[in-house]
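Report on the following structure.
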Amino acid sequence: MQLAAACGAAPALAGCLWSESRARTVDGARLLGTNLSGMEWAKPGTRRTESSLPNLHYTVPRRADIEWLASVGFRRNRLPVLWEMLQPMLHDSRASAEVRALVGEPGEFHAQYVQLITDVLDAHAAVGATCILDLHNYGRYRDFVVREDGSMAGLTRGPTPQHRPYTTDPAAVQERIFALAPGATLTQAHFADFWSRAARRWKDHPGLGGWGLMNEPHDMPAPGSTVASDGGGEDLTIWPAFAQAAITAIRRIDTRIPIYVAGNEWSAATSLARRNPGFPLQGENLVYEVHLYLDAASNGHNFDFDTEVRKGFSAGVGRRSIDLDTGARRLQSAIRWAEEHRVRLALTEVGMPVDDPRWEESFHRTVREAIDHGVEVCSWMSGNHWPIRNSAMHHTPGWYQHRTLLPASSGPMLEAAGVAQAVLYDEGGSAAAAGAPVTVTLRARGHLAQPLTVRVASDAGGRFSKAVLTLPAGANGADRYTFTPEPGSVATLRYSAEPAVPVPPPRQVYALGDPVAAASTRLADAAHAILARHGASKWEMAHAFTDYVRGSASQDGQPVRAVADSGFGSSTSNAMEMVNAMNTDRPLPGGLLVPVLRTVRGRKALDLGAENTFGLWCKKTAPAPGVQPRPANRAPYDLQDPHFAIAVVAVPGAWNSGVVFQASRAEDPFTSELALEGSRPQARWIDAGGQQVVLAGNAPLPAGRPVVLTLASRPGEQLLRVDAEVVGRAQARFAPSTLAQLLIGSGFVSHYPRPGFRGLLWGVIAGKGAPSDAELAVLERYLRSLAG
Numbered sequence: 001m002q003l004a005a006a007c008g009a010a011p012a013l014a015g016c017l018w019s020e021s022r023a024r025t026v027d028g029a030r031l032l033g034t035n036l037s038g039m040e041w042a043k044p045g046t047r048r049t050e051s052s053l054p055n056l057h058y059t060v061p062r063r064a065d066i067e068w069l070a071s072v073g074f075r076r077n078r079l080p081v082l083w084e085m086l087q088p089m090l091h092d093s094r095a096s097a098e099v100r101a102l103v104g105e106p107g108e109f110h111a112q113y114v115q116l117i118t119d120v121l122d123a124h125a126a127v128g129a130t131c132i133l134d135l136h137n138y139g140r141y142r143d144f145v146v147r148e149d150g151s152m153a154g155l156t157r158g159p160t161p162q163h164r165p166y167t168t169d170p171a172a173v174q175e176r177i178f179a180l181a182p183g184a185t186l187t188q189a190h191f192a193d194f195w196s197r198a199a200r201r202w203k204d205h206p207g208l209g210g211w212g213l214m215n216e217p218h219d220m221p222a223p224g225s226t227v228a229s230d231g232g233g234e235d236l237t238i239w240p241a242f243a244q245a246a247i248t249a250i251r252r253i254d255t256r257i258p259i260y261v262a263g264n265e266w267s268a269a270t271s272l273a274r275r276n277p278g279f280p281l282q283g284e285n286l287v288y289e290v291h292l293y294l295d296a297a298s299n300g301h302n303f304d305f306d307t308e309v310r311k312g313f314s315a316g317v318g319r320r321s322i323d324l325d326t327g328a329r330r331l332q333s334a335i336r337w338a339e340e341h342r343v344r345l346a347l348t349e350v351g352m353p354v355d356d357p358r359w360e361e362s363f364h365r366t367v368r369e370a371i372d373h374g375v376e377v378c379s380w381m382s383g384n385h386w387p388i389r390n391s392a393m394h395h396t397p398g399w400y401q402h403r404t405l406l407p408a409s410s411g412p413m414l415e416a417a418g419v420a421q422a423v424l425y426d427e428g429g430s431a432a433a434a435g436a437p438v439t440v441t442l443r444a445r446g447h448l449a450q451p452l453t454v455r456v457a458s459d460a461g462g463r464f465s466k467a468v469l470t471l472p473a474g475a476n477g478a479d480r481y482t483f484t485p486e487p488g489s490v491a492t493l494r495y496s497a498e499p500a501v502p503v504p505p506p507r508q509v510y511a512l513g514d515p516v517a518a519a520s521t522r523l524a525d526a527a528h529a530i531l532a533r534h535g536a537s538k539w540e541m542a543h544a545f546t547d548y549v550r551g552s553a554s555q556d557g558q559p560v561r562a563v564a565d566s567g568f569g570s571s572t573s574n575a576m577e578m579v580n581a582m583n584t585d586r587p588l589p590g591g592l593l594v595p596v597l598r599t600v601r602g603r604k605a606l607d608l609g610a611e612n613t614f615g616l617w618c619k620k621t622a623p624a625p626g627v628q629p630r631p632a633n634r635a636p637y638d639l640q641d642p643h644f645a646i647a648v649v650a651v652p653g654a655w656n657s658g659v660v661f662q663a664s665r666a667e668d669p670f671t672s673e674l675a676l677e678g679s680r681p682q683a684r685w686i687d688a689g690g691q692q693v694v695l696a697g698n699a700p701l702p703a704g705r706p707v708v709l710t711l712a713s714r715p716g717e718q719l720l721r722v723d724a725e726v727v728g729r730a731q732a733r734f735a736p737s738t739l740a741q742l743l744i745g746s747g748f749v750s751h752y753p754r755p756g757f758r759g760l761l762w763g764v765i766a767g768k769g770a771p772s773d774a775e776l777a778v779l780e781r782y783l784r785s786l787a788g
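In the numbering used here, the protein residues as written are 1 to 788.
As structure tokens, this is what we get:
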């Protein structure tokens with residue numbers, strides 16, 4: 001077994017990957033990629049609202065993430081982009097000079113969006129990777145309505161230069177759709193013009209891996225119609241005619257780069273052979289792209305395996321329940337068609353729901369079927385836009401145990417491709433009652449080509465169920481053990497591997513019978529024992545890193561993009577990481593900023609003082625009945641649950657207002673948060689029924705001095721404490737209100753950010769439950785000690 005570190009000079013800090021050599025008949029390594037979603041997310045508000053701000057309404061993939069993906073085997077990615085954002089006005093628009101000055105010249109590409117796309121291609125080229133430019137518009141184009149005199153009703157300039165113009169008149173927006181009938185408003189000429197311009201712009205770029213003509217064309221008009229069909233009857237010849245027009249236009253300019261051709265009916269793999277008259281089309285170097293998901297409808301919107309089985313059907317396969325071979329079956333008809341016609345095939349969208357091992361096995365079999373037949377695979381979804389992180393199906397790197405957390409979907413893909421890379425993590429209990437064991441699981445995220453032996457030892461006695469663990473070959477392997485500590489001890493468990501590879505950091509197991517009593521002499525141990533008992537999370541800025549991929553420990557003045565939970569609320573399936581994923585590769589005027597680290601009295605603090613600084617975010621999944629009723633990947637508490645949050649902060653003066661710590665849901669207004677108003681501390685709750693509770697301190701925080709703020713809530717009682725003294729009390733009972741995120745130094749509700757308090761922060765503790773007053777006092781003393 002040959003091992004090679006893949007993380008440079010600091011594997012202990014970076015916790016990066018190690019890899020094994022392995023040969024395969026099919027060169028699967030060249031077939032792997034992911035969808036860098038983010039730039040297409042501006043769609044909902046395009047033209048209709050001012051919702052077009054980078055890092056808020058859409059986000060460009062970061063250079064660092066592209067580099068990291070390439071380093072772990074994902075080198076042929078797909079970049080969804082939005083037609084309206086790239087070409088704001090169709091080439092034959094007869095808009096007035098005033099409108100053109102605001103929206104753009106007919107046909108011309110938007111300079112900033114062009115540059116952002118070029119930045120992504122540059123990042124791929126820099127690491128020898130390539131990217132497919134995917135027009136993610138479903139055969140449609142949302143446009144302004146141009147009146148006969150060339151004007152547009154309600155046309156409004158965006159509030160900043162980064163916003164796009166929009167209309168305040170709902171009737172001034174039209175949805176154009178591909179059609180062949182007389183009166184069509186979106187024609188082959190429009191489509192050919194777009195792709196001619198794109199080909200001239202990027203044909204020589206070394207990072208470009210393909211032209212993705214159109215994502216998921218569907219429900220085209222019926223014969224003779226120019227509006228979308230509803231419930232069937234679409235003219236299946238429309239899309240092939242448009243695709244051929246675009247191919248011809250591109251090949252007049254570029255004869256080399258692959259063209260990715262989707263199919264009717266949402267690019268479904270099971271529809272390729274039977275729902276696309278005229279396929280295969282005329283042209284060189286064409287790749288036919290298909291999509292499939294693993295749920296009953298194959299739409300990627302449902303994540304509860306048992307619910308999907310009970311539906312009793314499998315789209316494209318027949319009247320049978322889904323099973324572990326559903327995805328592979330859906331792909332087989334497309335493979336047979338491609339082999340019959342001797343054309344290339346790509347599976348450019350497929351995803352693995354993250355909460356059930358049965359989805360993982362189904363995904364594994366699907367990807368194996370693809371790779372074994374030379375089919376490219378792009379997982380859904382990676383990227384940096386905030387809704388993507390920790391969604392029910394994603395391919396985004398996380399941050400766990402102060403290291404990059406390889407997404408679970410990577411394991412089956414790497415195994416199928418014969419790329420052996422893995423990272424070791426552990427998870428499990430850290431609080432033991434007298435004589436009781438804790439269970440710990442050791443995991444290899446990624447792919448092991450051969451079994452790996454790992455040993456575990458304690459520095460404080462205790463008993464192991466086994467001290468030699470074997471991680472099996474394959475994807476995402478695991479082994480577990482139990483450990484029974486000596487009463488009253490704090491045991492440190494350490495790993496070693498054969499051969500020597502990076503192992504998880506040491507794990508502490510706390511068997512303190514009375515942590516409050518122990519706090520007088522062992523404050524840190526006592527606080528951690530209480531956190532372990534409650535399964536609570538802790539984020540210390542002493543553990544801040546410059547990035548969640550390829551990062552290093554943050555030093556004074558450096559950015560902070562990742563802080564791992566160093567408490568006990570995390571697992572590999574539910575890492576409570578705090579990250580900042582905003583793209584600042586190309587600073588934009590008025591854009592949001594990343595916080596930086598400051599060393600104050602020898603202690604590391606998060607500096608949120610600069611205007612427009614956005615803090616750190618732990619984004620999770622909300623339960624959805626019938627879709628994903630019990631996600632493992634979720635926030636630790638809901639608003640109606642007993643919960644607590646503690647933070648140690650300092651402010652420069654009496655004017656500080658904003659969020660210190662927030663538990664909330666991005667799409668809704670309800671929240672539980674610690675905040676400041678004119679430097680006066682507040683604990684604030686708003687539930688789903690609109691009930692508001694605000695507890696406020698009487699005096700502003702003293703300038704420059706660290707202060708500990710505590711929020712505690714249980715049904716019928718809420719508290720605000722300042723430096724362990726109760727300064728506010730309420731007796732509310734909150735309506736059920738599902739939370740799906742935690743934020744430090746900022747807020748985010750109703751789809752929009754809330755400003756942070758613009759001060760210094762050393763650490764935060766948060767968790768579900770109701771610690772006693774004595775336990776809260778220990779946690780407050782410990783957190784205060786972080787500030788020196």
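Backbone N, C-alpha and C fix where the C-beta goes; we use that ideal spot for every residue, glycine too.
The structure presented is a predicted model; accordingly, all values stated were derived computationally and were not measured.
Limits of the unbroken alpha helix (DSSP H) element including residue i
i, result
"M413", "410-417"
"A777", "773-785"
"A126", "111-126"
"V103", "97-103"
"F305", "305-310"
"D65", "63-71"
Alpha-carbon to alpha-carbon, residue j and residue i
i, j, result
"V423", "A444", "6 Å"
"L512", "E40", "52 Å"
"R197", "R252", "11 Å"
"A770", "A460", "30 Å"
"R601", "G763", "15 Å"
"R680", "C618", "26 Å"
"E677", "P753", "17 Å"
"L783", "E611", "26 Å"
"T326", "V261", "24 Å"
"R603", "A542", "7 Å"
"A245", "F734", "59 Å"
"G759", "A29", "47 Å"
"V627", "M393", "12 Å"
"N698", "A527", "29 Å"
"E265", "A315", "12 Å"
"V350", "P706", "49 Å"
"V53", "V377", "The sequence as given places Leu at residue 53; Val does not occur at that position. When rounded, the distance between both Cα atoms is 31 Å."
"L31", "D295", "24 Å"
"R403", "L69", "15 Å"
Residue i - containing beta strand (DSSP E), residue span
i, result
"A524", "Element bounds for A524: not the beta strand (DSSP E) but the alpha helix (DSSP H), 523-534."
"W337", "No beta strand (DSSP E) contains W337, which is instead part of the alpha helix (DSSP H) from 326-341."
"W762", "760-768"
"A84", "Here residue 84 turns out to be Glu, not Ala, going by the sequence shown. Taken as a continuous stretch (DSSP letters only), E84 belongs to no beta strand (DSSP E), being part of the alpha helix (DSSP H) at 83-86."
Cβ-Cβ distance between residue i and residue j below 9 Å
i, j, result
"L742", "K620", "yes"
"Y481", "S458", "no"
"W83", "N137", "yes"
"E234", "M220", "yes"
"H341", "P280", "yes"
"G33", "I132", "yes"
"W195", "I250", "yes"
"K203", "D254", "yes"
For this session: Would you mind listing the alpha helix (DSSP H) stretches within the segment 187-262 that are 4+ residues and don't spill past its ends, in chain order?
Result: For the segment 187-262, whole alpha helix (DSSP H) runs of length 4 or above, ordered along the chain, are 188-202, 238-251.
For this session: Ignoring anything shorter than 4 residues or poking outside the segment 436-479, list the alpha helix (DSSP H) runs there in chain order.
Result: You should have found no qualifying run.
Exercise. In the segment 612-684, which residue ranges form an unbroken beta strand (DSSP E) of at least 3 residues, counting only runs that do not cross its ends?
Worked result: Here the runs fully enclosed are 616-619, 643-650, 658-664, 671-677.
For this session: Check whether the segment 713-726 touches the segment 683-692, counting contact only when three or more Cβ pairs, one atom from each stretch, lie closer than 8 Å.
Result: Contact holds: three or more Cβ-Cβ distances are below 8 Å.
For this session: Flag this pair as touching only if the segment 426-440 and the segment 527-534 have three or more C-beta atom pairs under 8 Å; answer yes or no.
Result: The segment 426-440, when compared against the segment 527-534, does touch it at the 8 Å Cβ threshold.
Problem set entry | Unbroken stretches of the beta strand (DSSP E), 3 residues or longer, contained in the segment 351-402 | Taking 3 residues as the minimum length, the beta strand (DSSP E) runs contained wholly in the segment 351-402 are 376-383, 398-400, in order along the chain.
Exercise. Quick one: any contact between the segment 403-417 and the segment 354-374, if contact means 3 or more CB pairs under 8 Å?
Worked result: Cβ pair count under 8 Å is three or more, so yes.
Exercise. Okay, do the segment 115-130 and the segment 155-167 touch, 3+ Cβ pairs below 8 Å being the bar?
Worked result: No, the segment 115-130 does not touch the segment 155-167.
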